[in-house]
Amino acid sequence: MRVIRHALLRVEMEEHNKLLVAALEAAVNGIVITDKDANIKWANPAFTRLTGYSLEEAMGNKPSELIKSGEQNELFYQDMWRNLLNGKH
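With my numbering, letter number 55 in the sequence shown gets 84, and the count goes up by one each step, no holes.
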């Protein structure tokens, strides 16, 4: 019984993850996922459209190396990275 429950839970989690990935990929805003050193590990299609970088080109780079729109001042970016590195969104 335990093995069957585990298998069912795994299938349910995989389906849930597929839905989450689909939502991230459909978003109109650029979304990136980075490691703790701020290196890009994943980016959605909107990010690649907005920046002109393919996912392969973006991987391993820091978002700050690829984009700085000029829409915000330097303090904005410092605050953003402080929040991200502290586990906030």
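Glycine residues also receive a C-beta, built at the ideal position from the N, C-alpha and C atoms.
Nearest in C-alpha terms to Leu84, of all of Leu37, Val40 and Ile60, is Ile60. Judged by beta-carbon spacing, Ala51 lies beyond the 9 Å limit of Trp110, meaning their Cβ atoms are not closer than that value. Following the DSSP letters along the chain, one finds Ala51 inside the alpha helix (DSSP H) bounded by residues Arg31 to Ala55. With a contact defined as Cβ atoms closer than 8 Å, Ser93 and Tyr82 miss out at about 13 Å.
In this structure Ile96 is in contact with Thr80, their Cβ atoms being roughly 5 Å apart against a cut-off of 8 Å. DSSP places Ala72 in the uninterrupted beta strand (DSSP E) bounded by Ile69 to Ala72. When only Cα atoms are considered, Arg34 and Leu53 end up about 29 Å apart. Take the alpha-carbon of Ala56 and the one of Leu49: they are about 11 Å apart. Proximity to Ile62 across Asn102, Leu104 and Lys91 peaks at Lys91, based on C-alpha coordinates.
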